[in-house]
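Student: Okay, here's the structure, questions in a sec.
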Amino acid sequence: MMLRWTWARFDDLGVHALHDALALRCKVFILEQGPYQDPDGADKQSYHLLGYDEAGVAQACLRVVDPGVNYPEPSIGRVVTAKEARGNGTGRALMAEGIARCSQAWPGRGIRISAQAHLQGFYGSLGFETVSDEYLEDDIPHIEMLRRGDSPAA
Numbered sequence: 001m002m003l004r005w006t007w008a009r010f011d012d013l014g015v016h017a018l019h020d021a022l023a024l025r026c027k028v029f030i031l032e033q034g035p036y037q038d039p040d041g042a043d044k045q046s047y048h049l050l051g052y053d054e055a056g057v058a059q060a061c062l063r064v065v066d067p068g069v070n071y072p073e074p075s076i077g078r079v080v081t082a083k084e085a086r087g088n089g090t091g092r093a094l095m096a097e098g099i100a101r102c103s104q105a106w107p108g109r110g111i112r113i114s115a116q117a118h119l120q121g122f123y124g125s126l127g128f129e130t131v132s133d134e135y136l137e138d139d140i141p142h143i144e145m146l147r148r149g150d151s152p153a154a
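If you count by UniProt numbering, then the sequence shown holds residues 1 to 154, one letter each, in order.
See below:
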């Protein structure tokens, strides 16, 4: 699936892109995985990456929270692909684009994630290493993972 990427700070998203991101996150994180408070204060201190298909429908999104908000490093989170876009490399393309955008915004810095534990292998294949024991976040097992940067500030 070919996607057209949109990358913007929260204030620059526009109401349509913000709606697209929150609607997709709601479908997966709330309706599929169970209720919790999805939009939070970190959204306003983040870049948001959205992937649109040829018909202009949001199929994937993630956010990159600024360093110092959740972790010392920039952190990728709220990684989501639409149900119909799974199993064809969309998630890998989304993460690769997110990692590339982090590298452009914060050259040489590491990237931290709070990953669902069952996705440890997937994120490991993208260069992330497990740096915590398993813990529960919203009643789902998670692990903290770090993709090391190449500078002392990482």
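Each residue gets a CB set at the ideal place from its N, CA and C atoms; glycine is no exception.
How is residue 73 classed by DSSP in three states: helix, strand or coil?
Tutor: In the sequence shown, counting from the first residue as 1, residue 73 sits at position 73. Coil, per DSSP.
Student: Going by C-alpha distance, which of 35, 27 and 47 is nearest residue 13?
Tutor: Numbered from 1 along the sequence shown, position 13 holds the residue referred to as residue 13. The candidate whose alpha carbon is nearest that of residue 13 is 47.
Student: Measuring CA to CA, which of 107, 115 and 57 is closest to residue 19?
Tutor: If you number the sequence shown from 1, residue 19 lands on position 19. Selected option, being the one with the closest Cα: 57.
Student: Is residue 60 near residue 3, with beta carbons less than 8 Å apart?
Tutor: For the purposes of this step, residue 60 is identified with residue 60 of the sequence shown, where counting begins at 1. For the purposes of this step, residue 3 is identified with residue 3 of the sequence shown, where counting begins at 1. Going by C-beta atoms, residue 60 is nearer than 8 Å to residue 3.
Student: Leaving out the 5 sequence neighbours to the left and right, which residues in its chain are closer than 7 Å to residue 127 when beta-carbon positions are compared?
Tutor: Taking the first residue of the sequence shown as 1, we reach residue 127 at position 127. Answer for residue 127: 147, listed in chain order.
Student: Measure from the alpha carbon of residue 198 to the alpha carbon of each residue in 36, 119 and 96, then state which is nearest.
Tutor: Because the chain spans 1 through 154 in this model, residue 198 falls outside it and cannot be assessed.
Student: Measuring CA to CA, which of 25, 90 and 95 is closest to residue 111?
Tutor: Residue mapping note: residue 111 aligns to position 111 of the sequence shown, counting from 1. Residue 111 has its Cα closest to that of 95, out of 25, 90 and 95.
Student: What residue range does the alpha helix (DSSP H) around residue 24 cover?
Tutor: Position 24 of the sequence shown, counted from the start, is the residue given in the question as residue 24. Looking at the DSSP string, the run of the alpha helix (DSSP H) that includes residue 24 is 15-25.
Student: Identify, in the order they occur along the chain, each residue of the same chain with its Cβ nearer than 8 Å to the Cβ of residue 42, setting aside the five sequence neighbours on each side.
Tutor: Within the sequence shown, the letter at position 42 stands for residue 42. These residues qualify, in order along the chain: 63, 65, 69, 70 and 77.
Student: Under the DSSP definition of a beta bridge, which residues are partnered with residue 48?
Tutor: Residue mapping note: residue 48 aligns to position 48 of the sequence shown, counting from 1. BP columns for residue 48 point to 8 and 63.
Student: Residue 115: buried (16+ other C-beta within 10 angstroms of its C-beta) or exposed?
Tutor: The count along the sequence shown starts at 1 and reaches residue 115 at position 115. With 16 or more Cβ atoms within 10 Å of its Cβ, residue 115 is classed as buried.
Student: Compute the Euclidean distance between the alpha carbons of residue 88 and residue 1, then round it to the nearest angstrom.
Tutor: Here residue 88 refers to the residue found at position 88 when the sequence shown is read from its first residue. Here residue 1 refers to the residue found at position 1 when the sequence shown is read from its first residue. Distance between the alpha carbons of residue 88 and residue 1: 7 Å.
Student: Counting along the chain, where does the alpha helix (DSSP H) carrying residue 116 start and finish?
Tutor: Sequence index remark: in the sequence shown, residue 116 carries index 116 (1-based). Run containing residue 116: none in the alpha helix (DSSP H); it sits in the beta strand (DSSP E), 111-116.
Student: Mind checking whether residue 38 and residue 29 have CB atoms under 8 Å apart?
Tutor: In the sequence shown, the residue the question calls residue 38 occupies position 38. In the sequence shown, the residue the question calls residue 29 occupies position 29. Yes. Within cutoff.
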